[in-house]
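Residue numbers (this note's numbering): 1447 to 1869. Glycine included, every Cβ here is placed at the ideal spot set by N, Cα and C. Everything on this sheet refers to the single structure shown next.
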Amino acid sequence: MIQLIRGFKDILPGEVELWQAIEKIARALLEDFGFKEIRIPIMERTELFARSIGEDTDIVEKEMYTFPDRKGDLITLRPEATASVVRAYLQHRLYAPDPVQKYYTIGPMFRRERPQKGRYRQFYQINAEVLGVASPLIDVQLIFILVALCAKLAITDINAHINSLGCPDCRPRYREALTGFLASIAAELCADCRRRRVRNPLRVLDCKVPSCREAMGEAPSIIDSLCDECQRDFETVQAALQDLKIPFRVDKRLVRGLDYYARTTFEIQTGSLGAQSAVAGGGRYDGLVKLLGGPDLPGTGFAIGFDRLTEIAGLNAADLLPKPKVFIAALGERSRALAFKWNCRLGLQGLRVEMDLGDKSLKSQMKRADRLGAGYVLIVGDKELEDGTALLRNMQSKAQVAIPIEGIVAKVKEVVTAANSRP
């Protein structure tokens, strides 16, 4: 028997309903804040991610699924969504009528990293991107949306972490200070961090290896190196979060694994996932649009780990399982043929309907209807056909009524709809 590829998963009935409920809540919330859906391809030219994410990042160096197509061009399964959204924004000149655009997208991403709790090689994200807005208040609104989404999903154990990564004017000063510090503790760093300290020193701040975290305890903070403009920007973010009564922590270790981030960066963390504490993260990427060949427009956004969200959402998955409104129990070939027509027509009326297409006894069909949690069972056999009626049985009260076969679809819908509308 062929098995799943390691790091991939099936989302099965019984679980998929929770995914659908979370997606529905997220869509409604984002659209209430003016976001429009955009659907981007799963594959892009490798150059897009190499230029935007950064050649020296772990994602580009080690984690991307990249392969040549038949013409020899390098193609990559998308490891993240922001670069693709910006590419679409530029390619289709979506900035021309109005540079301010808000988009969201939901779908799979791909990274070849070590599978662990809440992390897969095909993982799902909810992404929100805002292009053309320079104000730091939009960063605050994105954090507000994330906190609101967690509240709607009954997730309580969360904390907002924020940091500033500075800008091209002030970051070189910090990079110099950090590089000097890393040189002094190089012997205490893991092999990856010894390599990163020269090529991408900010990534050392995010290392999860315990010995590296301990060695980095006295590392300089980028906040001490911010230019006046970045400092004002970060103070605005903090003041607005306080005004909205959103608890937050300034976390000097917080960096992002993609080179395009600058200024505000943030994460929503939880204590419910062990070491993999980040549920969502994002920040500002003001230089990305220009880097990819567009006008010099700002951008900011976030990504939510959908797989992790399903593990900590407080929704009751059992309550989300769909149950048929009506189960049709037909006895005999003539009755089954007629019942099949009713099944199709009731489905078109918006009622979830099930029936047994085999030649099973009434007792067996009633058991199946009960197992499925059907609200009503519509019973028809040779006797009912002779009488010109069918029996509609309420599975909760056990009461049943005779319904004329003539116009039965409309009558069943009327009864079921009326019952569902009662308080």
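With DSSP run on the structure shown, which of helix, strand or coil describes residue i?
i, result
"Y1549", "strand"
"Y1620", "helix"
"R1817", "helix"
"T1863", "helix"
"S1610", "strand"
"F1786", "helix"
"Q1715", "strand"
"Y1822", "strand"
"F1680", "helix"
"T1602", "coil"
"Q1795", "coil"
"K1470", "helix"
"I1584", "helix"
"T1669", "Per the sequence shown, residue 1669 should be read as Ile rather than Thr. Here I1669 sits in helix by DSSP."
"A1637", "helix"
"F1556", "strand"
"K1482", "strand"
"Q1449", "coil"
"E1461", "coil"
Would you tell me roughly how many angstroms separate the C-alpha atoms of residue i and residue j, rounded to the nearest one?
i, j, result
"L1595", "S1498", "28 Å"
"S1530", "R1491", "10 Å"
"G1853", "R1791", "11 Å"
"E1461", "H1607", "30 Å"
"E1477", "E1469", "12 Å"
"Y1706", "P1545", "19 Å"
"L1737", "D1652", "25 Å"
"L1761", "A1726", "18 Å"
"G1827", "L1794", "23 Å"
"V1683", "V1586", "6 Å"
"G1663", "P1618", "21 Å"
"C1636", "A1629", "13 Å"
"L1577", "I1591", "17 Å"
"P1614", "D1456", "43 Å"
"R1640", "N1646", "10 Å"
"A1764", "A1467", "12 Å"
"G1626", "C1658", "16 Å"
"L1690", "R1730", "20 Å"
"A1633", "R1649", "17 Å"
"D1697", "A1815", "55 Å"
"L1808", "A1864", "27 Å"
"P1459", "R1643", "46 Å"
"Q1537", "L1784", "55 Å"
"R1702", "I1552", "20 Å"
"T1711", "D1674", "18 Å"
"K1859", "L1766", "22 Å"
"A1776", "R1782", "5 Å"
Measuring CB to CB, does residue i end up less than 8 Å from residue j?
i, j, result
"D1732", "P1741", "no"
"I1750", "T1716", "no"
"F1495", "P1525", "yes"
"V1861", "L1797", "no"
"Q1571", "A1527", "yes"
"F1481", "Y1541", "no"
"E1575", "G1747", "yes"
"K1787", "G1821", "no"
"T1756", "L1523", "no"
"I1692", "A1661", "no"
"I1849", "T1835", "yes"
"L1624", "A1685", "no"
"I1484", "A1534", "yes"
"K1769", "L1818", "yes"
Got a sec: does the ligand ATP put a non-hydrogen atom nearer than 7 Å to the Cβ of residue i?
i, result
"G1739", "In the structure on display, the ligand ATP does not appear, and there are no ligands present to speak of."
So residue i and residue j are in contact, right, with Cβ under 8 Å, and what is the actual spacing, rounded?
i, j, result
"Y1511", "R1558", "6 Å"
"C1616", "S1581", "The Cβ separation is near 19 Å, so there is no contact."
"P1561", "R1452", "6 Å"
"Q1811", "D1805", "The Cβ separation is near 10 Å, so there is no contact."
"N1605", "R1695", "6 Å"
"V1823", "F1773", "5 Å"
"S1610", "I1668", "7 Å"
"I1714", "K1598", "In fact, because the Cβ distance is near 13 Å, the residues do not count as touching under 8 Å."
"V1579", "L1734", "In fact, because the Cβ distance is near 14 Å, the residues do not count as touching under 8 Å."
Run through the DSSP bridge pairs and tell me what residue i is partnered with.
i, result
"R1730", "A1708, T1746"
"R1565", "Q1562"
"R1695", "H1607"
"T1522", "E1490, T1512"
"I1774", "M1801, L1824"
"G1751", "Q1571"
"L1874", "Beyond the ends of the chain as shown, which are 1447 and 1869, falls residue 1874; an answer cannot be given."
"V1576", "K1548, T1746"
"A1724", "Q1715"
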